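Here the structure comes first, spelled out in structure tokens, and everything after it is commentary.
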Amino acid sequence: MGATAVLKCEVLRASGTVQWVKDGLLLGPQRSLPGFPRYSMIGNPKRGQYNLQIEGAKLEDDAPYECQAGQSESSQAIISSTAWVNVQIPPSKPYFEVDMGAPWVAGKKYTVTCVASDANPRAEITLYKDGVELTGAESFSMSGSKDKLLNTRAEVTYVLARLPDPFSSMTCSISQSVLVVFLLFSSTSYFLLLS
Numbered sequence: 001m002g003a004t005a006v007l008k009c010e011v012l013r014a015s016g017t018v019q020w021v022k023d024g025l026l027l028g029p030q031r032s033l034p035g036f037p038r039y040s041m042i043g044n045p046k047r048g049q050y051n052l053q054i055e056g057a058k059l060e061d062d063a064p065y066e067c068q069a070g071q072s073e074s075s076q077a078i079i080s081s082t083a084w085v086n087v088q089i090p091p092s093k094p095y096f097e098v099d100m101g102a103p104w105v106a107g108k109k110y111t112v113t114c115v116a117s118d119a120n121p122r123a124e125i126t127l128y129k130d131g132v133e134l135t136g137a138e139s140f141s142m143s144g145s146k147d148k149l150l151n152t153r154a155e156v157t158y159v160l161a162r163l164p165d166p167f168s169s170m171t172c173s174i175s176q177s178v179l180v181v182f183l184l185f186s187s188t189s190y191f192l193l194l195s
């Protein structure tokens with residue numbers, strides 16, 4: 001988040017209008033895109049360069065994009081393959097949820113949940129007890145506090161071995177995948193997407 005993204009589009013000898021589409025919305029053919037102050041088309045149009053630059057990427061920029069060359073008298077319309085801008089948002093600090101409503105008893109099974117909130121993409125959660133990964137954890141995601149953000153929960157049931165301090169050595173590890181995607185479109189157009 002906050003970085004500058006450049007999606008490259010090269011159309012040699014374009015005879016129709018070249019413009020970008022974001023999530024189905026035409027952004028327009030101008031180099032400075034009205035209504036999108038952080039977006040601009042950069043590169044030399046005489047060299048067929050119609051690169052989309054997004055400055056200060058935000059969660060709202062996380063979307064599919066296409067470069068389109070409009071139909072003209074001498075050529076048909078060209079639409080690129082879809083390229084995605086993936087804006088990565090790390091989760092907020094993870095926390096545990098445990099049922100503390102009743103006294104805990106050694107030898108009894110309990111469910112422990114680790115929650116990682118508001119991430120894009122979803123966080124991967126691994127639970128550890130005494131440095132050993134707890135197997136059998138079930139992980140699922142649901143909507144976060146904003147569109148495109150996800151809350152991930154990992155639950156594991158384990159037998160409480162001893163009292164009085166069952167969670168002194170339980171840890172919750174969070175990770176996220178990072179994508180670097182390269183897309184190639186025909187011999188005249190090249191798209192590069194870095195997230």
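Letter by letter, the sequence shown follows residues 1 to 195 in our numbering.
For every residue, glycine included, the Cβ atom is placed at its ideal position computed from N, Cα and C.
Computed from a predicted structure; not experimentally measured.
Answer yes or no: do residue i and residue j have a C-beta to C-beta separation smaller than 8 Å?
i: Ile89; j: Leu59; result: yes
i: Ala63; j: Lys22; result: yes
i: Ala123; j: Thr157; result: no
i: Ala119; j: Leu149; result: yes
i: Lys93; j: Val159; result: no
i: Leu27; j: Trp20; result: yes
Who are the near neighbours of residue i in its chain, counting only those whose CB is closer than 7 Å to its CB and skipping five residues on each side?
i: Arg38; result: Ile54, Glu55, Gly56
i: Thr126; result: Glu133, Ser173
With a CB to CB cut of under 6 Å and the five nearest residues on each side skipped, what residues in its chain are close to residue i?
i: Lys129; result: Met170
Enumerate in chain order the residues of its own chain whose CB-to-CB distance from residue i is below 8 Å, with the five nearest sequence positions on each side excluded.
i: Gln71; result: Gly16, Ala77
For residue i, which option in the options has the closest C-alpha, if you only look at C-alpha atoms?
i: Ile79; options: Cys114, Val105, Pro45, Gly24; result: Gly24
i: Glu196; options: Ser143, Val112, Gly131, Pro121; result: Any answer about residue 196 is impossible in this case: the structure gives the chain only from 1 up to 195.
i: Phe140; options: Cys114, Pro34, Ser74; result: Cys114
i: Cys9; options: Ala102, Pro45, Gly28, Ser32; result: Pro45
i: Thr4; options: Ser32, Asp61, Gly35, Ala14; result: Asp61
Could you confirm whether any beta carbon from chain C is found closer than 8 Å to the beta carbon of residue i?
i: Leu149; result: No chain C appears in this structure, which consists of one protein chain only.
Decide yes or no for the touch test of the segment 46-59 against the segment 80-97: beta carbon pairs closer than 8 Å, at least 3 of them.
Between the segment 46-59 and the segment 80-97, the count of C-beta pairs closer than 8 Å reaches three or more; the two stretches touch.
With a threshold of 8 Å, are at least 3 pairs of Cβ atoms found where one atom belongs to the segment 60-70 and the other to the segment 98-106?
no
Which complete alpha helix (DSSP H) runs does the segment 51-95 hold, if anything under 4 residues is left out?
Complete alpha helix (DSSP H) runs here, min 4: none at all.
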